[in-house]
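*Asks:* Below is a structure I'd like to ask you about.
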């Protein structure tokens, strides 16, 4: 594996982009071929990456383990519960650390730090990001390496 020394010996035959691991190249090739080998057994939706399919499967489950301590509304993801809790406070103060933020959007982004969730995934290499802007910067990096 050459991931830490910058060497990218695996080249895409379509766009000439280099990769440090053969498995990442194989995943990347699917963006050119349109191959989606992973299929949801419930709704038949297909995915290029196994991780994306597994993440999708949670929409079919009924488990909602994260419950609001104010109104008892259940949520599938902790991040959704954190965002919901703001509706009870009406403000932009984090209930976990009491930090005050200037906008609702800033509060939502801040709350993600407490949940440790990484909801934004690169469709080219499967890297996960906490912030949408970080994913956009990462995708821009992919495009510059083409």
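Numbering (the numbering used here), first residue to last: 681 to 826. A virtual CB, placed ideally from N, CA and C, is assigned to each residue, including glycine.
Looking at the structure shown, is residue 691 part of a helix, part of a strand, or coil, going by DSSP?
*Replies:* Of the three classes helix, strand and coil, the one that applies to residue 691 here is strand, per DSSP.
*Asks:* Going by DSSP in three states, residue 833 sits in which element: helix, strand or coil?
*Replies:* Residue numbering for the chain in the displayed model covers 681 to 826; residue 833 lies beyond these limits and cannot be assessed.
*Asks:* State the DSSP-derived secondary structure class of residue 773, mapped to helix, strand or coil.
*Replies:* Three-state result, residue 773: strand.
*Asks:* Would residue 784 be called buried (16 or more neighbouring beta carbons within 10 Å of its own) or exposed?
*Replies:* With fewer than 16 Cβ atoms within 10 Å of its Cβ, residue 784 is classed as exposed.
*Asks:* Report all residues from its chain with a CB closer than 7 Å to the CB of residue 789; omit the five preceding and five following residues, and keep chain order.
*Replies:* Closer than 7 Å at the Cβ level, and outside the excluded window around residue 789, lie 811.
*Asks:* With a CB to CB cut of under 8 Å and the five nearest residues on each side skipped, what residues in its chain are close to residue 711?
*Replies:* Here the set comprises 728, 803 and 804.
*Asks:* Since residue 764 and residue 756 should fall inside the 8 Å C-beta cutoff, what is the C-beta to C-beta distance between them, to a whole number of angstroms?
*Replies:* At roughly 12 Å, the Cβ-Cβ gap does not stay under 8 Å, so residue 764 and residue 756 are not in contact.
*Asks:* For residue 713, report the span of its alpha helix (DSSP H) as first-last.
*Replies:* Element bounds for residue 713: 702-713.
*Asks:* If you measure from the beta carbon of residue 769 to each beta carbon in chain C, is any gap under 8 Å?
*Replies:* No chain C is part of this structure, which consists of one protein chain only.
*Asks:* Thinking residue 690 and residue 705 are a contact (beta carbons under 8 Å), I'd like their distance in whole angstroms, please.
*Replies:* With a Cβ gap of about 4 Å, residue 690 and residue 705 count as contacting.
*Asks:* Only counting the same chain, and skipping five residues up and downstream in sequence, which positions put a Cβ closer than 8 Å to that of residue 740?
*Replies:* Excluding positions up to five away in sequence, the list reads 720, 722 and 723.
*Asks:* Could you tell me whether the Cβ atoms of residue 736 and residue 762 are closer together than 8 Å?
*Replies:* No.
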